[in-house]
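Novice: Numbering (my numbering), first residue to last: 366 to 838.
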Amino acid sequence: MTTTEPPPPPPSQPPASGTPPEGHGHGHSHSHGPAAPVSEHLRKVIAAVLIPFATAVVVGLVVLWPGGTPSHERTGVGFDRQTQSAKVTKVQELPCKDLSPSQPPPNGDTSTAEGQSAQSRAAGTCKKATIEVSSGKDRGRTFVEIIQPDSPRQLRQGQEVVVAYEPKAPEGLQYSVTDVNRKIPMALLAGIFALAVVVVGRLRGVMALVALAISFMVLTFFILPAILQGSNPLVVAVIGASAIMLIALYLCHGLTARTSVAVLGTLISLLLIGLLGSLFIGWAALTGNTDDNTGLIHGLYPSIDMSGLLLAGVIIGSLGVLDDVTVTQTSAVWELHQANPTMGWRGLYRAGIRIGRDHIASVVNTLVLAYAGAALPLLLLFSIAQSSVGTVANSELVAEEIVRTLIGSIGLVASVPVTTALAALVVSADRTPAGGAGAVAGSGAAVGSGASAGGTGSGARSLRGGTGRRRKR
Numbered sequence: 366m367t368t369t370e371p372p373p374p375p376p377s378q379p380p381a382s383g384t385p386p387e388g389h390g391h392g393h394s395h396s397h398g399p400a401a402p403v404s405e406h407l408r409k410v411i412a413a414v415l416i417p418f419a420t421a422v423v424v425g426l427v428v429l430w431p432g433g434t435p436s437h438e439r440t441g442v443g444f445d446r447q448t449q450s451a452k453v454t455k456v457q458e459l460p461c462k463d464l465s466p467s468q469p470p471p472n473g474d475t476s477t478a479e480g481q482s483a484q485s486r487a488a489g490t491c492k493k494a495t496i497e498v499s500s501g502k503d504r505g506r507t508f509v510e511i512i513q514p515d516s517p518r519q520l521r522q523g524q525e526v527v528v529a530y531e532p533k534a535p536e537g538l539q540y541s542v543t544d545v546n547r548k549i550p551m552a553l554l555a556g557i558f559a560l561a562v563v564v565v566g567r568l569r570g571v572m573a574l575v576a577l578a579i580s581f582m583v584l585t586f587f588i589l590p591a592i593l594q595g596s597n598p599l600v601v602a603v604i605g606a607s608a609i610m611l612i613a614l615y616l617c618h619g620l621t622a623r624t625s626v627a628v629l630g631t632l633i634s635l636l637l638i639g640l641l642g643s644l645f646i647g648w649a650a651l652t653g654n655t656d657d658n659t660g661l662i663h664g665l666y667p668s669i670d671m672s673g674l675l676l677a678g679v680i681i682g683s684l685g686v687l688d689d690v691t692v693t694q695t696s697a698v699w700e701l702h703q704a705n706p707t708m709g710w711r712g713l714y715r716a717g718i719r720i721g722r723d724h725i726a727s728v729v730n731t732l733v734l735a736y737a738g739a740a741l742p743l744l745l746l747f748s749i750a751q752s753s754v755g756t757v758a759n760s761e762l763v764a765e766e767i768v769r770t771l772i773g774s775i776g777l778v779a780s781v782p783v784t785t786a787l788a789a790l791v792v793s794a795d796r797t798p799a800g801g802a803g804a805v806a807g808s809g810a811a812v813g814s815g816a817s818a819g820g821t822g823s824g825a826r827s828l829r830g831g832t833g834r835r836r837k838r
């Protein structure tokens, strides 16, 4: 007797009883797109934790909102100068001795850097550059700049430059070249970056760029002005970093339970970084005032806690890498659970932590090399001075970078087991009512033969049919 197999049922309904999927008795498909929805009960538990936290962040933003950067009288030092745009209109090459006749002749000693520079200026060819101011009230005004042969910045005709303006100086010395105008190459590079992100990431890439813009807005309009207004840098950094974290993660990855677990893992890791940073920055007596820029900030705003500013930088600097680690670990656990819904939280944790160990090795190495690359000129100076490793590490300028790197790395390492454990607990503790809509919608798979007639009891307990309904534990 020949039996005609009925047509496959719609995706939203289980197949007819007694008709197993063709090929094997537990065929099912796993969705690797958006995360499977969790039960209403679990969403309420996550919301009960995150809503008060998000509310506290919003309240902190409102209470500490600075309303703008406080004004001060310009000192004319470093970045605290009035600047204008200008253009090099003419460059002449002349003997240095003709351009600086009052310069004392060199004594012939070239054993020092000063002696070598004096000898080069006396025998070399200098440049006489005519600069025309192209912005501000003195637009069209010209002045002359002498470029020494050993100067690191050699100007050329037609080059766009940035000039500093000092109104209190004599008229002929009010303007001086401070830097090259790099707006066009910087803008082009930013455009290439944005295009690459959008082409590869598509909608996720667009949302990532929007989140990046919002992060810069929080940094520019809240964190920096609030610190300058005298607010506690640590409190400001925690609130600002939390706001950036919430906006960036939910905007890029959606308002889902999976993203919420990543937020919780990031928050716990940030708290650990804050505690360790506060302890070791104070214990190591790091002042945060180690160069001309920090000295200028402290001089203009003496009320700023520079060590607190250092700690704030550690927290904000660690946030970006933490987001990457926590999102990756959460996604890994979610995918493992969808591939094998019967796996308990211990199995999920063990599988997820194996993935996390590879992530730890690469991320920590990346973080250390990033800080080492930024401090490479400083490390070269210590190498030239033939200082011992202990002497170099003990200097405050290097000790700050070491503490920053190690504290951030500890937070990153801790985020892997913390986030993996949270994700494993959440997906294994999910309670979806049997037969409910969430059981079917969360699976995207057909009911297997284990739920067929005559085998309903055992099939419902084990869910080997791959319906996606979580086994009650």
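Just so you know, even glycine gets a beta-carbon here, dropped at the ideal spot from N, CA and C.
Being a predicted model, the structure only gives us computed values, none of them experimental.
1) When the Cα of Val427 is compared with those of Leu640, Ile775 and Val601, which residue comes out closest?
2) Going by the beta-carbon positions, is the gap between Ala494 and Val453 smaller than 8 Å?
3) Give the DSSP-derived three-state secondary structure of Tyr666 in the structure shown.
4) Around the Cβ of Ala451, are there at least 16 other Cβ atoms within 10 angstroms (buried) or fewer (exposed)?
5) Would you check if the distance between the CB atom of Pro598 and the CB atom of Asp670 is smaller than 8 Å?
6) Could you compute how far the alpha carbon of Thr448 sits from the alpha carbon of Val509?
7) Closest by CA to Ala559, which one among Ser753, Ala578, Val791 and Pro532?
8) Start and end of the beta strand (DSSP E) containing Ala494?
9) Leaving out the 5 sequence neighbours to the left and right, which residues in its chain are closer than 8 Å to Val563 when beta-carbon positions are compared?
10) Quick one, are the C-beta atoms of Ala529 and Arg408 less than 8 Å apart?
11) As a quick exercise: from Ile592, Asp503, Lys462 and Ser499, pick the residue whose alpha carbon is nearest that of Trp430.
12) With burial defined as no fewer than 16 other Cβ atoms inside 10 Å of the residue's Cβ, what is the status of Gln694: buried or exposed?
13) Would you check if the segment 782-795 and the segment 715-731 touch, i.e. whether three or more CB-CB distances between them fall below 8 Å?
14) Is Val698 close to chain E, meaning its C-beta is less than 8 Å from at least one C-beta of that chain?
15) Going by beta carbon distance, what residues of the same chain come within less than 6 Å of Ser541, once the five residues before and after it are set aside?
16) Please determine, among Asn730, Pro514, Ile549 and Ala534, the residue with the shortest C-alpha to C-alpha distance to Gln524.
17) Contact defined as beta carbons within less than 8 Å: I believe Arg769 pairs with Val679. What is the distance between those atoms, to the nearest angstrom?
18) So Glu458 is in the beta strand (DSSP E); what residue range does that whole segment cover?
19) Classify Ala704: buried if its beta carbon has 16 or more other beta carbons within 10 angstroms, exposed otherwise.
20) Leaving out five residues on either side along the sequence, give the residues of the same chain with a beta carbon under 7 Å from the beta carbon of Leu616.
21) Is it buried or exposed, Phe587, if we count other Cβ atoms within 10 angstroms and call 16 or more buried?
Specialist: Based on what the coordinates show:
1) Out of Leu640, Ile775 and Val601, Val601 has the C-alpha closest to the C-alpha of Val427.
2) Going by C-beta atoms, Ala494 is nearer than 8 Å to Val453.
3) DSSP places Tyr666 in coil when its eight states are reduced to three.
4) With 16 or more other Cβ atoms within 10 Å, it is buried.
5) Yes. Within cutoff.
6) Per the coordinates, the alpha-carbon of Thr448 lies some 17 Å from the alpha-carbon of Val509.
7) In terms of Cα proximity to Ala559, the closest of Ser753, Ala578, Val791 and Pro532 is Ala578.
8) Ala494 -> beta strand (DSSP E) spans Thr490 to Val498.
9) Taken in chain order, the residues that qualify are Gly570, Val571 and Leu574.
10) Taking 8 Å as the Cβ cut-off, Ala529 and Arg408 do not qualify as a contacting pair.
11) The shortest C-alpha separation from Trp430 is found at Ile592.
12) It is buried - the Cβ of Gln694 has at least 16 other Cβ atoms within 10 Å.
13) Contact annotation: the segment 715-731 touches the segment 782-795, with at least three C-beta pairs closer than 8 Å.
14) The chain labelled as chain E is not found in the depicted structure, where only one protein chain is given.
15) The answer, listed in chain order, is Ala529.
16) It is Ile549 whose Cα lies nearest to the Cα of Gln524.
17) Right, the Cβ-Cβ distance comes to about 5 Å (below 8 Å), so this counts as a contact.
18) It spans Gln447 to Pro460 - the beta strand (DSSP E) in which Glu458 sits, taken as one unbroken run.
19) Exposed is the call here.
20) Correct list, in chain order: Met572, Val575 and Ala576.
21) Taking all protein chains in view, the Cβ of Phe587 is crowded by 16 or more other Cβ atoms within 10 Å, so the residue is classified as buried.
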